[in-house]
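Structure first, then comments.
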Amino acid sequence: MDQFSHTQKGGHSRTRESKSRLNFLDLLRAGYADYVVNDAALAYMRGRALAGPVIRTLADATAKEFADHGAWQAHLDQLGISALKVHPDPVWIATEGALWGAVRAHGFLNDTVIVSDDAGQFVVGSHALCWVHAERLVHRLDTFTDRHRVAQAHIRNLIWWFYADLKAYRADPSPRRRSELRVRFDRIFRRRTGFATRDRLLARLHVTRRKISGGTQVTRGRDCRDAFLGLMRTATRLGFSFWDYLGDRLHIPDHAAVPYLPDLLRARAQQA
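Given below as structure tokens:
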């Protein structure tokens, strides 16, 4: 069965075979088929870590507007960008940028914030997260005792009270209320689980993340960092050196063998 993705923008919906950012940017053009290399497009490309020489090539080229995908692809071929074998894919990122340039050239989204569930394809322009999707991370947490269930319900109430007060502030803003809301936000959304031991572990892990957070500025890099921090913590809690884990997975000769981590977790759970 074919897989399709359904995208809704306000009262406008489209179903397509792809849920990529290219697809979303194409939808944002609202029926136009052009590609534009302007300041917005070039800024987008820089933000997506496209190589500097590629950006300069596009910026220095005389042609800046292209009627359709065929004309745009021919331009990339002529500039030699299509032949490049580097990461990130210059054709992909440049095309995203030219789509975003077309969106802005037509005057779309100039005073608009895109609100989404934080899926990567929607993180373009001025962006904010949907409160419903943010709060569901709380109500989906597993609770094992009455104390945990009460704490979960309390936090959910605080989130929605804060949201109501935030809407009221938007209707009648003031510096004093803004300061109060900032303090409340930090108090509600700081990292805590209700398990004292786990909170201490997470606090130390958060320090580790903060120390290396400046090392990556792109979504893929942040995802990679978070994934490896999670693997490091899991391996350590299961009694294995993270370096042994990496050595085994990378098939380094004479390295200690480390079993499949999910199997170890299941075995520990059964023992408990």
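Counting in our numbering, the sequence shown runs from 174 upward without gaps.
All C-beta atoms, glycine included, are put in the ideal place defined by N, C-alpha and C.
Bear in mind the structure is a predicted one, so any value in this text is a computation, not a measurement.
Here the alpha carbon of A232 sits roughly 53 Å from the alpha carbon of G412. Cβ-Cβ distances below 8 Å link I228 to L215, M218, R219 in the same chain, with the five nearest sequence neighbours on each side left out; the list follows chain order. Burial check for G274: the Cβ neighbour count within 10 Å reaches 16 or more, so the residue is buried. Between A278 and V209, the CB-CB gap stays under 7 Å. By the neighbour-count definition (other C-beta atoms within 10 Å, threshold 16), H248 is a buried residue. Counting the other Cβ atoms within 10 Å of the Cβ of I361 gives fewer than 16, which makes it exposed.
Pairing H327 with D338, the inter-Cα distance amounts to about 16 Å.
Distance between R351 and D359, taken at the CA atoms: about 13 Å. Under DSSP, Y208 takes part in a beta bridge, and its partners are F239. Around the beta carbon of F401, a 10 Å sphere encloses fewer than 16 other beta carbons of the protein chains shown; the residue is thus reported as exposed. C-alpha of V431 to C-alpha of A442: approximately 18 Å in a straight line. Collapsing the DSSP output to three states places I332 in a helix.
A direct Cα-Cα distance of roughly 19 Å separates N283 from L195.
Shortest Cα-Cα distance from A213 to any of S414, L437, A271, D199 involves A271.
Counting other Cβ atoms within 10 Å of its Cβ, F317 stays below 16 and is therefore classed as exposed.
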